[in-house]
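Have a look at the structure below, then the notes.
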Amino acid sequence: MVQAQAATEAAIPLMAPYKMGRSLRIPNGQAPISSTDKQITPDDSHMVYSKPRRLRTDEIPQIVDDFRVAARNAIEAGFDGVEIHGAHGYLIDQFMKDSANDRTDQYGGSLENRCRFAVEVIDAVVAEVGADRVGVRLSPYIDFMDCFDSDPEALGSYMVQRLNKYPGLLYCHMVEPRMAIVEGRRKITHGLLPFRKQFNGTFIASGGYDREEGNKVVDDGYADLVAYGRLFLGNPDLPRRFELNAPLNKYDRSTFYTHNSVVGYTDYPFLEEKKEDSATRPHSHTNQS
1 MVQAQAATEA AIPLMAPYKM GRSLRIPNGQ APISSTDKQI TPDDSHMVYS KPRRLRTDEI
61 PQIVDDFRVA ARNAIEAGFD GVEIHGAHGY LIDQFMKDSA NDRTDQYGGS LENRCRFAVE
121 VIDAVVAEVG ADRVGVRLSP YIDFMDCFDS DPEALGSYMV QRLNKYPGLL YCHMVEPRMA
181 IVEGRRKITH GLLPFRKQFN GTFIASGGYD REEGNKVVDD GYADLVAYGR LFLGNPDLPR
241 RFELNAPLNK YDRSTFYTHN SVVGYTDYPF LEEKKEDSAT RPHSHTNQS
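Numbering-wise (full-length UniProt numbering), the sequence shown opens with residue 1 and increments by one.
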(Lines of atoms letter the chains of each structure in order from A and count residues from 1; the text may use other names and numbers.)
(Lines give C-alpha, C1' and ligand atoms only; values in the text may rest on other atoms or scores of the structure.)
Protein backbone atom coordinates (compact mmCIF):
# COMPACT_ATOMS: atom_id res chain seq x y z
CA MET A 1 0.00 0.00 0.00
CA VAL A 2 1.75 3.13 -1.21
CA GLN A 3 0.91 6.81 -1.29
CA ALA A 4 2.98 9.33 -3.24
CA GLN A 5 3.47 12.86 -1.95
CA ALA A 6 3.81 15.80 -4.32
CA ALA A 7 6.59 18.18 -3.37
CA THR A 8 9.73 19.68 -4.82
CA GLU A 9 11.32 16.33 -4.10
CA ALA A 10 9.43 13.06 -4.01
CA ALA A 11 9.20 10.99 -0.84
CA ILE A 12 7.31 7.75 -0.45
CA PRO A 13 5.69 6.74 2.87
CA LEU A 14 6.67 3.41 4.41
CA MET A 15 3.78 1.91 6.33
CA ALA A 16 2.43 -1.43 7.48
CA PRO A 17 -1.40 -1.33 7.64
CA TYR A 18 -1.73 -4.69 9.33
CA LYS A 19 -4.16 -4.53 12.23
CA MET A 20 -6.97 -2.93 10.22
CA GLY A 21 -6.61 -5.42 7.41
CA ARG A 22 -8.96 -8.22 6.49
CA SER A 23 -7.66 -11.77 6.18
CA LEU A 24 -9.11 -12.19 2.71
CA ARG A 25 -6.67 -9.53 1.44
CA ILE A 26 -3.62 -11.17 3.03
CA PRO A 27 -1.84 -14.10 1.32
CA ASN A 28 -3.12 -17.52 2.35
CA GLY A 29 -5.82 -15.98 4.55
CA GLN A 30 -3.36 -15.19 7.32
CA ALA A 31 -4.43 -12.94 10.18
CA PRO A 32 -3.20 -9.32 10.08
CA ILE A 33 -0.33 -8.68 12.49
CA SER A 34 -0.34 -6.13 15.28
CA SER A 35 1.02 -5.15 18.66
CA THR A 36 -2.04 -6.85 20.13
CA ASP A 37 -4.54 -9.61 19.47
CA LYS A 38 -7.51 -7.37 20.31
CA GLN A 39 -10.03 -7.06 17.50
CA ILE A 40 -11.08 -3.62 16.25
CA THR A 41 -14.58 -2.57 17.29
CA PRO A 42 -16.98 -2.60 14.30
CA ASP A 43 -17.52 0.92 12.94
CA ASP A 44 -20.71 2.71 11.89
CA SER A 45 -20.68 0.86 8.58
CA HIS A 46 -20.80 -2.41 10.57
CA MET A 47 -17.54 -3.51 8.99
CA VAL A 48 -16.16 -6.49 10.89
CA TYR A 49 -12.37 -6.52 10.93
CA SER A 50 -10.30 -9.66 11.18
CA LYS A 51 -8.86 -10.50 14.56
CA PRO A 52 -5.16 -9.61 14.43
CA ARG A 53 -2.29 -11.80 15.48
CA ARG A 54 0.03 -10.39 18.11
CA LEU A 55 3.60 -10.33 16.81
CA ARG A 56 5.94 -12.53 18.79
CA THR A 57 8.97 -10.78 20.21
CA ASP A 58 11.31 -12.83 18.03
CA GLU A 59 9.40 -11.77 14.87
CA ILE A 60 9.86 -8.04 15.38
CA PRO A 61 13.46 -7.81 14.07
CA GLN A 62 12.25 -9.17 10.72
CA ILE A 63 9.53 -6.51 10.51
CA VAL A 64 12.11 -3.84 11.29
CA ASP A 65 14.26 -5.21 8.50
CA ASP A 66 11.28 -5.11 6.13
CA PHE A 67 11.14 -1.34 6.63
CA ARG A 68 14.88 -1.10 5.95
CA VAL A 69 14.56 -3.08 2.71
CA ALA A 70 11.54 -1.04 1.64
CA ALA A 71 13.52 2.17 2.15
CA ARG A 72 16.43 0.87 0.08
CA ASN A 73 14.05 -0.26 -2.67
CA ALA A 74 12.40 3.17 -2.73
CA ILE A 75 15.71 4.99 -3.14
CA GLU A 76 16.85 2.56 -5.85
CA ALA A 77 13.53 3.14 -7.62
CA GLY A 78 14.35 6.84 -7.86
CA PHE A 79 12.62 8.42 -4.89
CA ASP A 80 14.50 11.21 -3.13
CA GLY A 81 13.51 10.02 0.33
CA VAL A 82 11.09 8.04 2.46
CA GLU A 83 8.56 8.93 5.13
CA ILE A 84 8.14 6.45 7.98
CA HIS A 85 4.41 6.40 8.66
CA GLY A 86 4.03 6.19 12.43
CA ALA A 87 0.52 7.64 12.48
CA HIS A 88 -3.19 6.94 12.01
CA GLY A 89 -3.38 3.44 13.42
CA TYR A 90 -0.74 1.79 11.27
CA LEU A 91 1.59 -0.77 12.81
CA ILE A 92 4.12 1.61 14.35
CA ASP A 93 1.29 3.70 15.82
CA GLN A 94 -0.26 0.57 17.33
CA PHE A 95 2.94 -0.17 19.22
CA MET A 96 3.27 3.40 20.49
CA LYS A 97 -0.26 3.93 21.80
CA ASP A 98 -1.37 2.34 25.03
CA SER A 99 -4.91 1.53 23.85
CA ALA A 100 -3.52 -0.85 21.23
CA ASN A 101 -0.43 -2.09 23.04
CA ASP A 102 -1.09 -4.53 25.86
CA ARG A 103 2.23 -6.31 25.57
CA THR A 104 4.28 -7.46 28.54
CA ASP A 105 7.65 -7.81 26.77
CA GLN A 106 10.24 -5.08 26.07
CA TYR A 107 7.88 -3.56 23.48
CA GLY A 108 5.03 -2.88 25.92
CA GLY A 109 4.25 -1.17 29.19
CA SER A 110 6.30 1.99 29.68
CA LEU A 111 6.37 4.83 27.16
CA GLU A 112 9.98 4.02 26.30
CA ASN A 113 9.08 0.38 25.66
CA ARG A 114 6.05 1.22 23.54
CA CYS A 115 8.18 3.51 21.37
CA ARG A 116 10.97 0.95 21.06
CA PHE A 117 9.65 -0.54 17.82
CA ALA A 118 9.32 2.91 16.22
CA VAL A 119 12.86 3.84 17.26
CA GLU A 120 14.27 0.56 15.93
CA VAL A 121 12.56 1.14 12.57
CA ILE A 122 13.92 4.70 12.37
CA ASP A 123 17.40 3.49 13.38
CA ALA A 124 17.38 0.86 10.63
CA VAL A 125 16.05 3.13 7.89
CA VAL A 126 18.39 6.02 8.76
CA ALA A 127 21.37 3.64 8.80
CA GLU A 128 20.34 2.30 5.38
CA VAL A 129 19.60 5.49 3.41
CA GLY A 130 20.81 8.38 5.59
CA ALA A 131 18.95 10.75 7.92
CA ASP A 132 18.75 13.41 5.19
CA ARG A 133 16.49 11.07 3.20
CA VAL A 134 14.15 10.16 6.07
CA GLY A 135 11.07 11.93 7.41
CA VAL A 136 8.75 10.64 10.14
CA ARG A 137 4.99 11.11 10.41
CA LEU A 138 3.32 11.01 13.85
CA SER A 139 -0.22 11.55 15.12
CA PRO A 140 -0.14 11.38 18.94
CA TYR A 141 -3.58 12.99 19.29
CA ILE A 142 -5.48 10.91 16.74
CA ASP A 143 -7.96 8.25 17.83
CA PHE A 144 -8.41 5.93 14.85
CA MET A 145 -9.32 2.26 14.63
CA ASP A 146 -9.24 1.87 18.43
CA CYS A 147 -5.71 3.29 18.42
CA PHE A 148 -5.28 6.20 20.84
CA ASP A 149 -3.08 7.19 23.74
CA SER A 150 -4.00 8.26 27.26
CA ASP A 151 -1.23 10.89 27.30
CA PRO A 152 -0.64 12.13 23.74
CA GLU A 153 1.46 15.10 24.88
CA ALA A 154 3.97 12.82 26.60
CA LEU A 155 4.02 10.47 23.61
CA GLY A 156 4.59 13.28 21.12
CA SER A 157 7.30 14.90 23.24
CA TYR A 158 9.15 11.62 23.74
CA MET A 159 9.20 10.86 20.02
CA VAL A 160 10.24 14.39 19.01
CA GLN A 161 13.13 14.22 21.48
CA ARG A 162 14.12 10.87 19.98
CA LEU A 163 14.03 12.35 16.47
CA ASN A 164 16.40 15.09 17.61
CA LYS A 165 19.03 12.38 18.07
CA TYR A 166 19.27 11.97 14.27
CA PRO A 167 21.36 14.91 12.97
CA GLY A 168 20.06 16.10 9.63
CA LEU A 169 16.77 14.20 9.77
CA LEU A 170 14.74 15.38 6.80
CA TYR A 171 11.64 16.40 8.78
CA CYS A 172 9.10 15.65 11.48
CA HIS A 173 5.53 15.57 10.13
CA MET A 174 2.80 15.75 12.77
CA VAL A 175 -0.99 15.69 12.55
CA GLU A 176 -3.12 18.24 14.37
CA PRO A 177 -5.66 17.17 17.01
CA ARG A 178 -9.20 16.84 15.68
CA MET A 179 -10.85 20.14 14.82
CA ALA A 180 -12.94 21.96 17.40
CA ILE A 181 -16.29 23.60 16.69
CA VAL A 182 -16.07 27.33 17.51
CA GLU A 183 -19.11 29.54 16.91
CA GLY A 184 -20.57 26.90 14.65
CA ARG A 185 -17.44 26.59 12.49
CA ARG A 186 -14.66 23.99 12.37
CA LYS A 187 -11.42 25.39 13.71
CA ILE A 188 -7.90 23.97 13.82
CA THR A 189 -6.80 23.81 17.45
CA HIS A 190 -3.07 24.31 16.73
CA GLY A 191 -2.06 21.79 19.33
CA LEU A 192 1.36 21.04 17.84
CA LEU A 193 3.18 24.11 19.13
CA PRO A 194 4.97 22.30 22.01
CA PHE A 195 6.37 19.75 19.56
CA ARG A 196 7.33 22.45 17.08
CA LYS A 197 9.33 24.18 19.81
CA GLN A 198 11.04 20.92 20.84
CA PHE A 199 12.02 19.71 17.38
CA ASN A 200 15.35 20.94 16.03
CA GLY A 201 14.67 20.44 12.33
CA THR A 202 12.08 21.04 9.63
CA PHE A 203 8.56 20.72 11.05
CA ILE A 204 5.53 19.87 8.92
CA ALA A 205 1.95 20.30 10.20
CA SER A 206 -1.12 18.71 8.65
CA GLY A 207 -4.77 18.18 9.42
CA GLY A 208 -7.63 20.23 7.98
CA TYR A 209 -5.62 23.11 6.55
CA ASP A 210 -6.82 25.21 3.64
CA ARG A 211 -4.81 27.74 1.60
CA GLU A 212 -5.35 30.69 3.93
CA GLU A 213 -4.68 28.84 7.18
CA GLY A 214 -1.67 27.07 5.70
CA ASN A 215 -0.07 30.32 4.64
CA LYS A 216 -0.78 31.86 8.04
CA VAL A 217 0.87 29.16 10.15
CA VAL A 218 3.99 29.22 7.97
CA ASP A 219 4.17 33.02 8.14
CA ASP A 220 3.71 32.87 11.93
CA GLY A 221 6.50 30.31 12.32
CA TYR A 222 4.14 27.66 13.71
CA ALA A 223 5.35 25.26 11.00
CA ASP A 224 7.97 25.26 8.26
CA LEU A 225 5.68 23.44 5.84
CA VAL A 226 2.04 22.35 5.67
CA ALA A 227 0.97 19.01 4.21
CA TYR A 228 -2.31 18.53 2.36
CA GLY A 229 -4.05 15.22 1.84
CA ARG A 230 -7.72 15.42 0.93
CA LEU A 231 -7.32 18.67 -1.01
CA PHE A 232 -4.41 17.20 -2.96
CA LEU A 233 -6.33 14.04 -3.74
CA GLY A 234 -9.13 16.09 -5.29
CA ASN A 235 -6.79 18.59 -6.95
CA PRO A 236 -3.73 17.10 -8.66
CA ASP A 237 -2.56 20.63 -9.48
CA LEU A 238 -3.12 21.98 -5.96
CA PRO A 239 0.05 24.16 -5.86
CA ARG A 240 -1.01 25.85 -9.09
CA ARG A 241 -4.53 26.43 -7.81
CA PHE A 242 -3.15 27.88 -4.57
CA GLU A 243 -0.83 30.14 -6.55
CA LEU A 244 -3.76 31.47 -8.59
CA ASN A 245 -6.22 31.31 -5.67
CA ALA A 246 -8.40 29.33 -8.08
CA PRO A 247 -11.51 27.32 -7.13
CA LEU A 248 -10.88 23.75 -5.96
CA ASN A 249 -12.44 20.50 -7.05
CA LYS A 250 -14.63 19.08 -4.32
CA TYR A 251 -13.25 15.76 -3.12
CA ASP A 252 -15.52 12.75 -2.79
CA ARG A 253 -15.06 11.04 0.59
CA SER A 254 -16.88 7.92 -0.60
CA THR A 255 -13.97 7.15 -2.95
CA PHE A 256 -11.12 7.68 -0.47
CA TYR A 257 -10.77 3.98 0.27
CA THR A 258 -11.67 1.87 -2.73
CA HIS A 259 -10.26 -0.86 -4.96
CA ASN A 260 -10.99 1.24 -8.04
CA SER A 261 -7.66 2.65 -9.24
CA VAL A 262 -9.28 5.44 -11.29
CA VAL A 263 -12.46 6.80 -9.71
CA GLY A 264 -11.52 9.14 -6.89
CA TYR A 265 -7.79 8.76 -7.50
CA THR A 266 -6.82 9.78 -11.03
CA ASP A 267 -10.03 11.21 -12.52
CA TYR A 268 -10.07 14.65 -10.88
CA PRO A 269 -9.50 17.29 -13.57
CA PHE A 270 -6.61 19.71 -13.75
CA LEU A 271 -7.53 23.37 -13.93
CA GLU A 272 -6.98 23.61 -17.69
CA GLU A 273 -8.82 20.33 -18.32
CA LYS A 274 -11.82 21.53 -16.38
CA LYS A 275 -12.07 24.62 -18.55
CA GLU A 276 -11.74 22.65 -21.77
CA ASP A 277 -13.74 19.48 -21.41
CA SER A 278 -15.27 19.06 -17.94
CA ALA A 279 -18.69 18.74 -19.58
CA THR A 280 -17.57 15.62 -21.46
CA ARG A 281 -15.78 13.79 -18.63
CA PRO A 282 -17.53 10.59 -17.47
CA HIS A 283 -16.92 11.28 -13.77
CA SER A 284 -17.30 14.88 -12.67
CA HIS A 285 -16.52 16.63 -9.40
CA THR A 286 -18.01 19.99 -8.44
CA ASN A 287 -15.98 22.94 -7.21
CA GLN A 288 -15.47 24.06 -3.66
CA SER A 289 -14.22 27.49 -2.72
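Built from N, CA and C at the ideal position, the CB exists for glycine as well. Note that the structure is a prediction, hence the values are computed from the model and not measured.
- In terms of CA proximity to N113, I92 leads the group R133, G130, I92.
- In the DSSP annotation of this structure, the continuous segment of the beta strand (DSSP E) that includes I204 starts and ends at 203 to 206.
- Between the C-alpha atoms of Y265 and D237 there is a straight-line separation of about 13 Å.
- Between Y268 and Y251, the CB-CB gap stays under 9 Å.
- In the three-state scheme derived from DSSP, where H, G and I count as helix and E and B as strand, G234 is classed as helix.
- If you keep only unbroken alpha helix (DSSP H) runs of at least 4 residues inside the stretch 154 to 196, you get nothing at all.
- When DSSP states are grouped into helix, strand and coil, P13 belongs to the strand group.
- The beta carbon of D65 sits closer than 8 Å to the beta carbons of A124 from its chain, once the five residues preceding and following it are set aside; these are given in chain order.
- If you ignore the 5 residues before and after K38, its C-beta comes within less than 6 Å of no other C-beta in its own chain.
- For the options M47, V119, M145, the alpha carbon positioned closest to that of G135 is the one of V119.
- A check of alpha carbon separations from N249 across E272, E76, S261 identifies E272 as the nearest.
- Residue pairing by DSSP places C147 opposite F144 in a beta bridge.
- Fewer than three beta-carbon pairs drawn from the stretch 65 to 79 and the stretch 97 to 106 are found closer than 8 Å, and the two stretches are therefore not classed as touching.
- Around the CB of D151, fewer than 16 other CB atoms lie within 10 Å, so the residue is classed as exposed.
- Rounded to whole angstroms, the separation of the alpha carbons of G207 and G156 is 16 Å.
- Close CB contacts of I204 within its chain, under the 6 Å cut and outside five residues either way in sequence, are with Y171, H173, L225, A227 (chain order).
- Collapsing the DSSP output to three states places L55 in coil.
- By the criterion of a C-beta distance shorter than 6 Å, Y166 is surrounded in its chain by V126, A131, once the five residues flanking it on both sides are discounted.
- Under the 10 Å beta carbon count, S45 is surrounded by fewer than 16 other beta carbons and is classified as exposed.
- For the stretch 58 to 101, the full-length alpha helix (DSSP H) segments reaching 4 residues or more read 60 to 76, 91 to 96 along the chain.
- Cβ-Cβ distances below 7 Å link F95 to S35, N101, Y107, R114, F117, A118 in the same chain, with the five nearest sequence neighbours on each side left out; the list follows chain order.
- Per DSSP, the continuous beta strand (DSSP E) segment holding G135 begins and ends at 134 to 138.
- Considering only V217, I142, Y90, G86, the residue with the shortest C-alpha distance to M159 is G86.
- According to the DSSP secondary-structure assignment, A227 is paired through a beta bridge with S206.
- The alpha-carbon of E59 is positioned some 20 Å away from that of E128.
- Bounds of the alpha helix (DSSP H) holding R114 are 111 to 114.
- Excluding residues up to 5 positions away in sequence, Y171, D224 lie with their Cβ nearer than 6 Å to the Cβ of T202 in the same chain.
- Under the three-state reduction of DSSP output, S254 falls in the helix class.
- In this structure, N200 sits near N164, with a CB-CB distance shorter than 9 Å.
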